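What follows is a single structure, written as structure tokens, with notes after it.
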């Protein structure tokens, strides 16, 4: 979907509008887009992970599938999730089930240290 830049900046003060170039940009909503339509596997992985994170459905992330580490880190960045590289298993690909278990264990451990 193409949307005008000014349409996406709804809270812009009216005095700033003359300074905004009204370009048409492709805008996607990661929360609602149909990831099945994406042909690129890496991009599909990122969108599916983001949708699960946005929905708070972390159980859906525990599927026993392999994804590229970079795809997982990109998804974490889009959702502002605090996942560090050292939290993930070594290698170019990670097993989602193992990675999520490791992440949840770190969160539990940090919770114990903070109390």
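Residue numbers (the working numbering): 346 to 460.
Cβ coordinates follow ideal geometry from the N, Cα and C atoms, glycine included.
In this text, all values refer to a predicted model and were calculated from it rather than measured experimentally.
For residue 435, there is no enclosing beta strand (DSSP E), since its DSSP letter is neither H nor E.
Across the structure, residue 421 and residue 415 are spaced so that their CA atoms are roughly 10 Å apart.
Annotation: residue 387 to residue 412 spans about 8 Å, alpha carbon to alpha carbon. If you draw a straight line from the Cα of residue 424 to the Cα of residue 374, it is about 12 Å long.
Between the alpha carbons of residue 437 and residue 392 lies a gap of roughly 19 Å.
Note: residue 411 is bridge-paired with 440 in the DSSP secondary-structure output. Pairing residue 448 with residue 439 gives a Cβ-Cβ distance that is not under 7 Å. Here DSSP, grouped into helix, strand and coil, assigns residue 445 to helix.
Cα atoms of residue 427 and residue 452: separation of roughly 10 Å, rounded to the nearest angstrom.
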